[in-house]
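These protein sequence lines are chains A and B, in that order.
Heads up: the first sequence begins at 1 in the numbering used here, then just goes up one per residue.
Heads up: the second sequence begins at 1 in the numbering used here, then just goes up one per residue.
Just so you know, even glycine gets a beta-carbon here, dropped at the ideal spot from N, CA and C.
It should be emphasised that the depicted structure is a prediction, and the values quoted were computed from it without experimental measurement.
Number of protein chains: 2
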Amino acid sequence: MTENENAFLKAYFQDRQKIVEEALLYYLPKEDNIPADIYKAVHYSVFNGGKRIRPILCLAAAEAVGGDLAPAMPIACALELIHTYSLIHDDLPSMDDDDFRRGQPTCHKVFGENIAILAGDALLTEAFVLLSRAEKVRLSAERRLAVVQEIANAAGICGMVGGQALDVLSEKSEPNENTLREIHRRKTGAIIVAAVKSGAIIFNAGKDKIQALAEYGINVGLAFQIADDILNVEGDRELMGKETGSDAARNKLTYPSLLGMGKAKEKLAKYIDAAVASLSGFDERAMPLIVIARYIMERKS
Amino acid sequence: MTENENAFLKAYFQDRQKIVEEALLYYLPKEDNIPADIYKAVHYSVFNGGKRIRPILCLAAAEAVGGDLAPAMPIACALELIHTYSLIHDDLPSMDDDDFRRGQPTCHKVFGENIAILAGDALLTEAFVLLSRAEKVRLSAERRLAVVQEIANAAGICGMVGGQALDVLSEKSEPNENTLREIHRRKTGAIIVAAVKSGAIIFNAGKDKIQALAEYGINVGLAFQIADDILNVEGDRELMGKETGSDAARNKLTYPSLLGMGKAKEKLAKYIDAAVASLSGFDERAMPLIVIARYIMERKS
């Protein structure tokens with residue numbers, strides 16, 4: 001990236017993370033009406049230094065099709081709640097059994113397994129509360145229902161949950177690139193695709209635009225996962241907030257372990273190029289989407 | 001109940017259970033696109049002899065306001081998927097740690113804890129897929145979005161998940177009737193209220209009708225829980241498909257343990273009467289709702 005791009009990206013991400021976090025705080029249920037342990041577990045997990053990639057992608061897609069930020073904000077936040085729920089459940093002892101995430105003890109280590117399961121269940125459900133709640137901004141109910149459908153499908157059995165199941169069961173399956181791509185297309189990719197599509201659907205964007213954003217999302221999703229795998233090998237422990245090398249220690253199927261580090265990096269660059277290329281039909285308002293794609297390739301944590 | 005009512009009820013329940021189960025089979029994702037273990041765990045848990053009370057209540061409310069069954073069917077099935085997910089997660093070792101449900105080993109005993117957690121997550125998410133999917137029957141997107149909102153709220157942190165958390169944490173709270181009612185209003189009641197309200201909302205019923213159905217649902221929900229508690233003491237092990245007396249063995253806060261059996265039965269009758277009374281503004285099409293309320297009081301399993 002050029003120095004200008006770098007400066008833009010840094011300011012852009014800081015700004016977007018800030019407004020997403022303010023919105024999350026505004027939208028989450030207030031303390032007085034919910035059991036204290038669930039409230040604490042939900043807030044602990046939502047506000048733990050996440051990069052907010054999914055909401056930022058959703059907002060950037062909304063801008064790319066000429067939409068405003070405010071009406072897309074509940075969708076952006078719903079995506080982050082779904083992402084947070086998936087992390088809480090993935091970390092559970094019967095799943096990946098992780099003790100730390102972003103340098104902090106995982107939800108079940110702090111609040112116990114039962115509260116962690118319920119906090120995840122709550123976040124998933126609250127995402128749909130958020131997607132369906134009465135809004136001051138008047139949006140077509142048809143478009144809003146289409147967004148519910150898009151996100152539910154992406155999070156569901158044919159998307160994220162199915163991907164996590166494939167991952168959990170992956171010791172039983174053939175270790176090849178198709179298996180790996182299928183796991184990640186569902187586990188990480190489906191929600192990223194839903195994020196950019198939803199940001200456009202809500203503003204009634206044309207089919208060609210939505211299709212191009214879906215292409216962008218598929219490629220960014222795969223790139224994101226390869227970058228994660230690479231960081232797990234080469235990343236800086238301090239910046240990451242967790243131990244590196246954990247995938248190798250677990251004998252986990254990853255792009256570097258399957259293809260070698262050189263080829264994994266080639267793939268990453270290829271997917272980023274494809275993501276950027278898919279936006280050729282957009283004007284300068286798609287610039288943030290392009291810069292986010294480049295960030296994914298070069299991120300350090 | 002009179003002999004006529006009994007005969008009607010038996011035929012009615014058999015008929016409704018059959019069409020709900022056919023619809024569930026039709027709506028659940030097909031085998032070819034999802035990991036085999038998740039498919040099996042989902043089907044094992046959904047088709048295990050459940051009484052289908054929530055979907056049947058939803059359909060009966062639809063009829064009571066003059067609606068057809070077909071457009072209400074995805075809603076009815078979504079409610080059953082949410083109910084099934086809640087049972088799978090409640091049975092987990094870190095929650096109630098139950099080995100049997102309806103005479104069969106619980107989901108995590110058969111498929112492992114990780115698959116059981118994911119099967120529950122999948123069912124919750126598929127409920128929203130079902131509520132938002134494109135339908136042949138043309139219904140207002142506004143009404144459909146209102147149903148998503150109603151059900152998400154009932155299942156969420158202020159409803160069912162919050163109730164389960166209160167239940168899990170109830171050893172820490174004062175054992176009084178308010179605590180107990182609050183747990184059950186959320187844990188069981190909220191979804192039952194959403195079931196009857198949704199069946200009416202989707203057909204654009206008037207506010208007074210929806211409010212009356214909400215009253216019915218609140219009372220039926222509390223009655224349902226008291227009946228459950230009573231059956232856990234006095235029920236027939238064979239008919240129940242599980243050991244009775246488990247609540248007492250666990251020192252669980254229940255209506256009979258708190259109030260004594262006599263007072264618990266009085267409460268049950270009182271709530272059923274209130275449920276029936278709330279329907280005074282309806283015509284004969286509300287008859288099934290009345291009979292279902294009576295069934296809840298007299299059920300044996």
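Chain order gives the chain A residues near Met-95 of chain B as Glu-113, Asn-114, Ile-117 and Leu-118, where near means a beta carbon separation below 9 angstroms. Cα atoms of Ser-94 of chain B and Asn-114 of chain A: separation of roughly 5 angstroms, rounded to the nearest angstrom. The Cβ-Cβ distance between Arg-186 of chain B and Gly-206 of chain B does not fall below 8 angstroms. Looking at the DSSP output, Pro-105 of chain A shares a beta bridge with A:Phe-100. A check of alpha carbon separations from Pro-105 of chain A across A:Pro-175, A:Glu-126, A:Lys-51 and A:Ser-45 identifies A:Ser-45 as the nearest. For Ala-286 of chain B, no alpha helix (DSSP H) encloses it, and the DSSP letter there is neither H nor E. Interface residue (Cβ-Cβ distance to chain A less than 8 angstroms): Gln-164 of chain B is classified as such. Using a CB distance cut-off of 8 angstroms, Asp-91 of chain A does not count as an interface residue toward chain B. Out of A:Ala-70, A:Gly-221 and A:Tyr-39, the CA that lies nearest to the CA of Ala-190 of chain A is found in A:Gly-221.
Nearest in C-alpha terms to Arg-133 of chain A, of all of A:Pro-71, A:Gly-162 and A:Ile-183, is A:Pro-71. Collapsing the DSSP output to three states places Ser-45 of chain A in a helix.
For Asp-37 of chain B, the nearest CB of chain A lies under 8 angstroms from its own CB, placing it at the interface with that chain. Here Thr-84 of chain A is actually not in contact with Ala-152 of chain B; their C-beta atoms are around 17 angstroms apart, not less than 8 angstroms. When Cβ-Cβ separations below 8 angstroms define contact, Arg-250 of chain B makes no contact with chain A. In the three-state scheme derived from DSSP, where H, G and I count as helix and E and B as strand, Leu-253 of chain A is classed as coil. Residue range 113-132 is occupied by the alpha helix (DSSP H) that includes Phe-128 of chain B. Of the residues assessed, Ala-60 of chain A falls on the buried side of the cut-off, its CB having 16 or more other CB atoms within 10 angstroms.
Listed along chain B, the residues sitting closer than 7 angstroms to Arg-133 of chain A by beta-carbon distance are Gln-149. Judged by DSSP in its simplified three-state form, Lys-197 of chain A adopts helix. The residue from A:Val-233, A:Gln-17 and A:Met-73 with its alpha-carbon nearest to that of Gly-199 of chain A is A:Met-73. When only Cα atoms are considered, Thr-244 of chain A and Asn-33 of chain A end up about 40 angstroms apart.
Residue contact with chain B for Thr-84 of chain A: absent (no Cβ-Cβ distance below 8 angstroms to any residue of chain B). Contact annotation: in the stretch 190-216 of chain A, no residue has its CB less than 8 angstroms from a CB in chain B.
The three-state reading of DSSP puts Ile-218 of chain B in helix, counting H, G and I together. DSSP, read as helix, strand or coil, puts Met-73 of chain A in helix. Taking C-beta atoms under 8 angstroms as the contact rule, Ala-64 of chain B and Leu-289 of chain B qualify, at a distance of about 6 angstroms. What Arg-144 of chain B touches in chain A, judged by beta-carbon distance under 8 angstroms, is Ala-141 and Leu-145, going in chain order.
If the five residues before and after Ala-269 of chain A are omitted, its C-beta is found closer than 8 angstroms to the C-beta atoms of Met-297, all from its own chain and listed in chain order. Secondary structure of Glu-174 of chain A (DSSP, three-state): coil. Close CB contacts of Val-161 of chain B within its chain, under the 8 angstroms cut and outside five residues either way in sequence, are with Ala-155 (chain order).
Under the Cβ distance rule, Asn-4 of chain A does not count among the residues neighbouring chain B, no pair being separated by less than 8 angstroms.
For Ala-23 of chain A, no Cβ of chain B is located within less than 8 angstroms of the residue's own Cβ.
Looking at the backbone, the Cα of Leu-253 of chain A and that of Val-193 of chain A are separated by about 23 angstroms.
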